[in-house]
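Trainee:
Following this line, the structure appears as C-alpha cells:
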C-alpha cells in the first residue's frame with residue numbers, strides 16, 4: 001500500500017459521507033443531516049490530523065520543504081473548517097439556502113484540494129518517504145478515529 005492509495009481511499013470515504021449529509025439536508029431531514037454532517041466532520045478531522053500531525057511533518061523533515069505544498073494544504077484545511085462551521089450554523093437554524101451555498105462551496109474546494117493532494121503531494125510523499133510504512137501508520141490512525 002502506498003500513501004497515495006491510503007489517503008485517496010480516505011478522500012473517497014469522506015466524500016461519500018459528505019454526499020449523504022448534503023442529500024439528507026437537501027431533503028429536509030435535518031436530524032439525519034446533522035448526524036451525517038457530524039460523522040463527516042469526525043472523518044475529515046481525523047484525515048486532516050493524519051496529514052497535519054504525521055504525514056506533512058514527515059514529508060517536511062525528509063525534503064526540507066516547509067513553505068511549499070504542505071503549507072498550502074494546511075491553509076485549505078483551515079478554509080474547509082471555516083465553511084463547515086458556517087454550515088453547522090445554517091443546519092442548526094434549518095437554513096436551507098445558507099447550508100446549500102456552503103455545501104456547494106465546500107464541495108468545490110474539496111474537489112480541488114483532493115486533486116492537488118492526489119496528483120501532486122501524495123506522489124511526492126510516496127517518493128520521499130518509506131511509502132508502505134507511512135501508509136500503514138496513516139491507515140491505522142484514520143481507522144481508529146473515524147466512523148465507518
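Residue numbers (the numbering used here): 1 to 148. The beta-carbon is built from N, C-alpha and C at its ideal position, and this holds for glycine as well.
1) With the cut-off set at 8 Å, would you say residue 59 and residue 128 are in Cβ contact?
2) Sorted by chain position, which residues of the same chain lie with C-beta nearer than 6 Å to residue 76's C-beta, five sequence neighbours on each side aside?
3) So what does DSSP say about residue 106, is it helix, strand or coil?
4) For residue 26, does the count of other Cβ atoms within 10 angstroms reach 16, so buried, or fall short, so exposed?
5) When you compare the CB positions of residue 87 and residue 109, do they come within less than 8 Å of one another, or not?
6) Tell me whether residue 31 is buried or exposed, calling it buried when 16 or more other Cβ atoms sit within 10 Å of its Cβ.
7) My understanding is that residue 85 touches residue 98, with C-beta atoms under 8 Å, so please give their C-beta distance in whole angstroms.
Mentor: Looking at the atomic coordinates:
1) If you number the chain shown from 1, residue 59 lands on position 59. If you number the chain shown from 1, residue 128 lands on position 128. In contact: residue 59 and residue 128 (Cβ atoms closer than 8 Å).
2) Along the chain shown, read from residue 1 onward, the residue named residue 76 stands at position 76. Excluding residues within five positions, the ones whose Cβ falls inside 6 Å are 113.
3) Taking the chain shown and counting its residues from 1, one reaches residue 106 at position 106. Residue state, collapsed to three classes: helix.
4) As a position in the chain shown, residue 26 is number 26, starting the count at 1. So residue 26 ends up on the exposed side.
5) Here residue 87 refers to the residue found at position 87 of the chain shown. Here residue 109 refers to the residue found at position 109 of the chain shown. No, the Cβ-Cβ distance between residue 87 and residue 109 is not below 8 Å.
6) Here residue 31 is taken as the residue at index 31 of the chain shown, counted from 1. Exposed, since its Cβ has fewer than 16 Cβ neighbours within 10 Å.
7) Looking up residue 85 in the chain shown gives position 85. Looking up residue 98 in the chain shown gives position 98. Actually they do not touch by this definition, with Cβ atoms about 12 Å apart.
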